[in-house]
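Down below is the structure, laid out as structure tokens.
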Amino acid sequence: MYRHIKSFELRYTDVDAYDNLKLSSLLSFLEESACLSADELGFGYADVAPKHLGFVIVNWYIELNRNIKFGDVLTLHTWPLKPRFTVFLRDFELFCGEEKVGVATARWFMINTDTFSVLPSSAFFADDAFDHYNTERSVNFSAWKIPRISDGELKYRKSVTYSDYDHYFHVNNTKYADFLMDVFSADELKDKDVHSVQITYVKQCKEGEIIDFVRQRCDGGYLIEGTVGNDLRVQMRIIFNGV
Numbered sequence: 005m006y007r008h009i010k011s012f013e014l015r016y017t018d019v020d021a022y023d024n025l026k027l028s029s030l031l032s033f034l035e036e037s038a039c040l041s042a043d044e045l046g047f048g049y050a051d052v053a054p055k056h057l058g059f060v061i062v063n064w065y066i067e068l069n070r071n072i073k074f075g076d077v078l079t080l081h082t083w084p085l086k087p088r089f090t091v092f093l094r095d096f097e098l099f100c101g102e103e104k105v106g107v108a109t110a111r112w113f114m115i116n117t118d119t120f121s122v123l124p125s126s127a128f129f130a131d132d133a134f135d136h137y138n139t140e141r142s143v144n145f146s147a148w149k150i151p152r153i154s155d156g157e158l159k160y161r162k163s164v165t166y167s168d169y170d171h172y173f174h175v176n177n178t179k180y181a182d183f184l185m186d187v188f189s190a191d192e193l194k195d196k197d198v199h200s201v202q203i204t205y206v207k208q209c210k211e212g213e214i215i216d217f218v219r220q221r222c223d224g225g226y227l228i229e230g231t232v233g234n235d236l237r238v239q240m241r242i243i244f245n246g247v
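Residue 26 in my numbering sits at position 22 of the sequence shown, and the numbers go up by one each step.
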């Protein structure tokens with residue numbers, strides 16, 4: 005069974021005030037592994053960019069068995085699954101040494117980078133391109149819809165700036181992780197162990213826009229939304245152990 009395997013040694017800049025791996029750093033590692041795997045399989049950035057094609061992440065779901073700490077070496081296993089028309093799934097397993105510390109899955113869309121329209125897999129891949137793809141899942145998860153906040157509290161506002169951009173000239177998915185986690189204070193995150201994180205990227209944000217971040221308690225954790233005016237842009241559901 006195909007797996008791309010890569011190890012990451014946690015740097016000082018990858019962890020928070022409590023020496024826990026930051027969510028943004030974890031997403032960066034996962035995305036880096038996914039991109040290297042796509043390079044190996046022939047649909048990486050260098051393969052699709054000349055055809056004015058690209059991939060964007062739509063959803064993340066991550067489960068952790070424990071917090072990943074400074075000093076750990078995180079080894080990621082990743083593999084793509086057969087796409088479903090426009091939806092490309094990719095799964096991950098997370099290890100520190102021999103210890104399995106988590107799993108993750110992500111949904112991606114293939115887009116035309118000139119128009120940002122969503123394309124079916126047939127726009128780049130042959131019909132038999134996925135015959136050898138894995139069917140094994142890292143986690144049995146399909147509940148992608150995050151409920152809307154009904155009675156939330158505005159925690160802060162964020163202005164989108166140049167440093168938030170990626171090469172598609174919109175906010176990079178890893179940047180949103182920092183934005184979303186900033187609804188918590190350092191005291192609120194003290195001694196917290198993350199059980200699961202789910203993120204949905206609804207619509208891209210551009211330089212100069214003001215994002216309002218709202219938080220509401222839910223069973224075991226919190227719902228967080230980022231909106232521009234009344235326009236939903238990003239959602240997160242984060243569940244903590246023992247909350």
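Ideal placement from N, C-alpha and C gives every residue a C-beta, glycine not left out.
A Cβ-Cβ separation of about 18 Å leaves glycine 230 out of contact with phenylalanine 173 under the 8 Å criterion. Spatial neighbours of phenylalanine 217 in its own chain (CB-CB distance under 6 Å, excluding positions within 5 residues in sequence) are listed in chain order as Lys159, Tyr160, Val187, Gly230. Rounded to the nearest whole angstrom, the C-alpha separation of alanine 181 and serine 32 is 10 Å. Under the three-state reduction of DSSP output, glutamate 211 falls in the coil class, being neither helix nor strand. Taking all protein chains shown into account, tyrosine 65 has 16 or more neighbouring C-beta atoms within 10 Å of its C-beta and is therefore buried. The three-state secondary structure of alanine 110, taken from DSSP, is strand.
Assignment of phenylalanine 244 by DSSP, reduced to helix, strand and coil, places it in the strand class. Distances from the CA of glutamine 202 to each of Phe244, Ala190, Asn176 were compared; the closest alpha carbon is that of Phe244. Runs of the alpha helix (DSSP H) spanning 4 or more residues and lying entirely within the stretch 152-225 occur at 177-185, 190-193, in chain order. Taking every protein chain shown into account, the CB of tyrosine 205 has 16 or more other CB atoms within 10 angstroms, so this residue is buried.
Ranked by how close their Cα comes to the Cα of tyrosine 6, the residues Asp197, Ser41, Thr119 have Ser41 in first place. About 6 Å separates the Cβ atoms of leucine 80 and phenylalanine 96, confirming a contact at the 8 Å cut-off.
Take lysine 207, set aside five residues on each side of it, and the residues of its chain with a beta-carbon closer than 6 Å to its own are Arg237, in chain order. Note that the C-beta distance between lysine 149 and isoleucine 215 is not below 8 Å. Buried is the label assigned to phenylalanine 113, since at least 16 other Cβ atoms lie within 10 Å of its Cβ. Assignment of phenylalanine 96 by DSSP, reduced to helix, strand and coil, places it in the strand class. When the Cα atoms are used, lysine 179 and glutamate 102 turn out to be separated by approximately 30 Å. Relative to the Cα of tyrosine 226, the nearest Cα in the group Glu213, Asn234, Ile242 belongs to Ile242. Measuring C-alpha to C-alpha distances from threonine 139 to each of Lys86, Asp23, Val52 identifies Lys86 as the nearest. Counting C-beta atoms within 10 angstroms of its own C-beta, arginine 15 has fewer than 16 neighbours from the protein chains shown and is therefore classed as exposed. The three-state reading of DSSP puts phenylalanine 129 in coil, since its state is none of H, G, I, E or B.
Judged by DSSP secondary structure, leucine 34 falls within the alpha helix (DSSP H) whose first and last residues are 27-45.
With respect to threonine 109, phenylalanine 145 sits close: the two C-beta atoms are nearer than 8 Å. In the structure shown, the three-state DSSP call for valine 62 is strand.
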